[in-house]
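Protein chains in written order, with the numbering used here: chain X, 1 to 585; chain D, 586 to 1170. Reading through the structure tokens given below for one structure.
What follows is the structure, encoded as structure tokens:
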């Protein structure tokens, strides 16, 4: 060992002890007669002191030192004359007797401090230096702590952690797979798993009863700000259970994590049907930290000669409390905000509820004060409130109002990161119609069970069939999702048929699963949590990148190791592959 | 929930309780007036009883039942008249009142019993049925238990579990990489990690101090019986440590695992230099459960006119205790055994030490009784022992004698699977000469530090330089290995030079690591355990396949899901790839 203690553990009780520390030079202060060095390691910072008169040897070494040098320092613990209550070792310091430079350091390209001067790109390139910063390391430590808590909880509940394969089989359903050419099987490919879905179902058929895994998954999607080509799931499956058993178990896990890592007690999670979430929040992942619900005011506002509303399928409104004082400029900004392509609304109608009981709206031409009073009653607006109205196609308008609601929530500071409001969204539709492919797709995945009471609709009105599927949503973020599975091979075959698979396609891709169903499959259900997202929410961060040790950028590149990269021709030859790059025109 | 209890938990204390169980039908015994059903789940077996007179409804259902049907059964717990002490629920049975078939089952292709009638191929294809067998499931449960114990131990020692990326960069050094084409970066590829080596070193440079991960690794090698293209490592790294700190920590881990999972107390592990292991055991992974060491008898046997020995570089012998009675046939079999291509010896000389103090050898023509007495003294042979002698090139002969020693150990039943004898093999050579490429290769990997006292030999006699590298060997199996790392960028550059990298190659492949060394790299060292192998050893198995839930066969195929498999043309097009399959001639 290069040290007797870490830089975080010495206290008053250690005074007069001879110690050896090792770590990085955080800061050097030369006060003439005395020099102070802040020595840093993962565990903390300890102040080293050199009295220049008494120790010439050490003093000479000091002149060579710089920031981020790795040193080993010997000395005696003593009480500080001026104590620092901000750090845990702040009552003591080390009177140095010996110092050894273990490794020098060039000046880092950015400062190793909580508030660094390094930009994103630079910090990604030198990720190993970025990880030295307390804030970044603490995120990764939180991640490890949460993973451990997840395992403790699930092990206690008799879940068996089981590794499933990473080299599996490509299936065209769902997102795009990463594929891996097989050298030993010419012209054939493995795929990296988007999730261990079929394997965990097979483990239920195998009688494992309760399975979990904290596991890497892969999707070759075009990356948005908060997507990574490889991500981590808490993946679980249970046999002989119904929906409520799964929700109870994983509500328990979530509460346990809040308690263990943030010391927060969270009450029972409400259950909200998908249809209610869409109608009241315009989203299947409602942020219930604040109200400001969407109201359907179609009936109230139609028939007064305002063509936009009269011809609209749906007119909806939210009531922003205490916003009647919004200026023209603020209202214009909101209007522009909803017109952005991301929201795609045509416009925004407002009604200010004045303190004197009168109303001022952008559609005064069409609506009397009495009319507007009816609007206010319909949305529960009080004097001083602002009503915001949008209209058009029902689904799109609900969704746009949902976005506007979140924006207003943010503007009104109703979305406190330190408050956590989880809920279960349940009763998702089984299928959703895809305009592009002109067929139904599985909303969750093709193994999700329809609600027994809706099965009869499969032939007559497939879009109406609800699934025993559920999402865990916290603060407007989808943390996890799952479903009760089909465990009957005929129902599974029917599902594949509804999804437009030919019998042959279904057999080629999922034959082994349907075959497995024939040998005694138990009822089973499962769930998966996005672990990166869960950790980033607990850490109060907006991006999952900050809770991943070595993330990739938006082009899927690791700029630190410069990957992906070209490979040697021999590698391609061995794999019987050729590049087929089109000339750029 | 489909059940109130599992099939493993009911006891006498539960008598008269109304219960609901669910599980698989293991066995049905129709005794006329009574029918017994053994109901199985992961937790055990419970006996269900139907009295045919009292419950006609259930009796009718019984006629439909078959092996492996999934059923739900309601009834009352009662004391058995004839108890079964072999199973934990053997004192009770359930008097059935209701039975429901949750899923029928076709007759499985092999019996779901500890000793199944299914062959390897069939069991691989129906792995989900094979996993139903107690013996197979218990292996996987042991695996989960061991993973949990590893995490408990390392978390206690302040190791941070940190996930490193799976999509990394291909490096030609070492074994063959699996590569993954990048769609977003045309013509470029990720590689799957053979180990997280560089990332864990970067985490040390990042100040994480102690890292671990139980992590999938990948090697596209031609598969031998006990190799899998994807395998799992316990991967660890520590900063500010020396070799002995690492060995202490991981000896502690190993002892902890023995204690936690097998309730075995293992004594301190001996340290054996590589050179001693090679000389005395003919192997860098000695099985020290038994002695029968190799003796160099070159000086003793040369110069008596036996040309084979006189011209040999090396003559070595082992003494097989109490084997003087080996028959001609047994000795011929041993001779044939060492002549197999796997061993490649030219022949085998024997000396029987008779009970009367005389000797009988296969080289009596050249050696007198006195000569043979000298041999016996040299190898410590007593009357009744058998001396086996081989000669030739030193390294090859040692290795062949090592194999012969193991074979004799097996024949003499000296290799008890329930006895565990771990040791550390230390002081490995840093480099090994490769005849094929006519250059030195890193024996461990290019980041391994030479012993400081041997560094001066790097220029003059590189093959003699010893490394601070170590292996954990248990019962002749390499369980883990690691090394103290180079943390100085100049020494690392020298190493790359010795390994035949041009400066440019080193820069392209490992530039980011050498660059990282410049910003304050601490001294660090690490180790990785082969987790599959460790579990299979603890389970008393010969193959790692039995401790992997969904293993691949020797062609790297998963025969259950039929992977690898061809992919759609569009997938290749998107990846700018073309198949380049040569016509078979």
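Cβ coordinates follow ideal geometry from the N, Cα and C atoms, glycine included. All figures in this text were calculated on a predicted structure; none of them were measured in a lab.
Residue state for residue 1121 of chain D is assigned as helix, using DSSP reduced to three classes.
Shown in chain order are the members of the segment 556 to 576 of chain X whose Cβ falls below 8 angstroms from a Cβ of chain D: 556, 557, 558, 560, 561, 562, 563, 564, 565, 566, 567, 568, 571, 572, 573, 574, 575, 576. Between residue 976 of chain D and residue 899 of chain D a beta carbon distance of about 7 angstroms is seen, short of the 8 angstroms cut, so the two are scored as contacting.
Fully enclosed alpha helix (DSSP H) runs of no fewer than 4 residues occupy 719 to 741 of the segment 718 to 757 of chain D, in order along the chain. At a cut-off of 8 angstroms, the C-beta of residue 200 of chain X has no neighbouring C-beta in chain D. A residue is called buried once 16 or more other Cβ atoms fall within 10 Å of its Cβ, and residue 853 of chain D, having fewer, is exposed.
Taken through DSSP and simplified to helix, strand or coil, residue 261 of chain X comes out as helix. Look at residue 70 of chain X here: in three-state DSSP terms it is strand.
Secondary structure in the segment 477 to 544 of chain X: the beta strand (DSSP E) runs of 3 residues or longer, each lying completely within the stretch, are 477 to 484, 524 to 530 in chain order. Residue 395 of chain X and residue 346 of chain X have their C-alpha atoms roughly 14 angstroms apart. Contact of residue 773 of chain D with chain X is assigned, a C-beta pair being separated by under 8 angstroms. Legend: CB atoms of the segment 495 to 522 of chain X lying less than 7 angstroms from CB atoms of chain D belong to residues 512, 516, 518, 519, 520, 521, 522. A direct Cα-Cα distance of roughly 41 angstroms separates residue 331 of chain X from residue 769 of chain D.
About 19 angstroms separates the CB atoms of residue 199 of chain X and residue 530 of chain X; that is not less than 8 angstroms, and the two are not in contact. Along the segment 13 to 45 of chain X, the positions whose C-beta sits under 7 angstroms from a C-beta of chain D are 22, 24, 41, 42, read in chain order. Our two residues, residue 12 of chain X and residue 793 of chain D, have alpha carbons roughly 26 angstroms apart in a direct line. Of all residues in the segment 1053 to 1080 of chain D, those with a C-beta nearer than 8 angstroms to a C-beta of chain X are 1072, 1073, reading in chain order. In the displayed model, residue 408 of chain X falls within a helix according to three-state DSSP. The segment 222 to 249 of chain X is shown to contain no whole alpha helix (DSSP H) run of 4 or more residues. Within the segment 863 to 917 of chain D, complete beta strand (DSSP E) segments of at least 3 residues are found at 899 to 905, given in chain order. Counting along the chain, no beta strand (DSSP E) covers residue 1020 of chain D, and no H or E run does either. The closest CA to that of residue 638 of chain D, considering only D/620, D/652, D/626, is found on D/620.
Here residue 109 of chain X really is in contact with residue 122 of chain X; their C-beta atoms are around 6 angstroms apart, less than 8 angstroms.
Chain X places no beta carbon closer than 8 angstroms to that of residue 831 of chain D, leaving this residue out of the contacts. For residue 570 of chain X, the enclosing alpha helix (DSSP H) covers residues 569 to 574.
About 5 angstroms separates the Cβ atoms of residue 93 of chain X and residue 49 of chain X, confirming a contact at the 8 angstroms cut-off. Taking 8 angstroms as the cut-off, the beta carbon of residue 686 of chain D is found no closer than this to the beta carbon of residue 735 of chain D.
Taking the Cα of residue 1083 of chain D as reference, the smallest distance to any Cα among D/1093, D/1048, D/1158, D/1099 is reached at D/1048. For residue 451 of chain X, not one C-beta of chain D is nearer than 8 angstroms to its own C-beta.
DSSP places residue 786 of chain D in the helix class (H, G or I) of the three-state scheme. Around the beta carbon of residue 336 of chain X, fewer than 16 other beta carbons sit within 10 angstroms, so the residue counts as exposed. Between residue 768 of chain D and chain X, the shortest Cβ-Cβ separation is below 8 angstroms. According to DSSP, residue pairing for residue 196 of chain X in a beta bridge does not occur. Taking 8 angstroms as the cut-off, the beta carbon of residue 901 of chain D is found closer than this to the beta carbon of residue 882 of chain D. Of the other Cβ atoms in all chains shown, 16 or more fall within 10 Å of the Cβ of residue 966 of chain D; this residue is therefore buried.
Of the residues assessed, residue 448 of chain X falls on the buried side of the cut-off, its CB having 16 or more other CB atoms within 10 angstroms.
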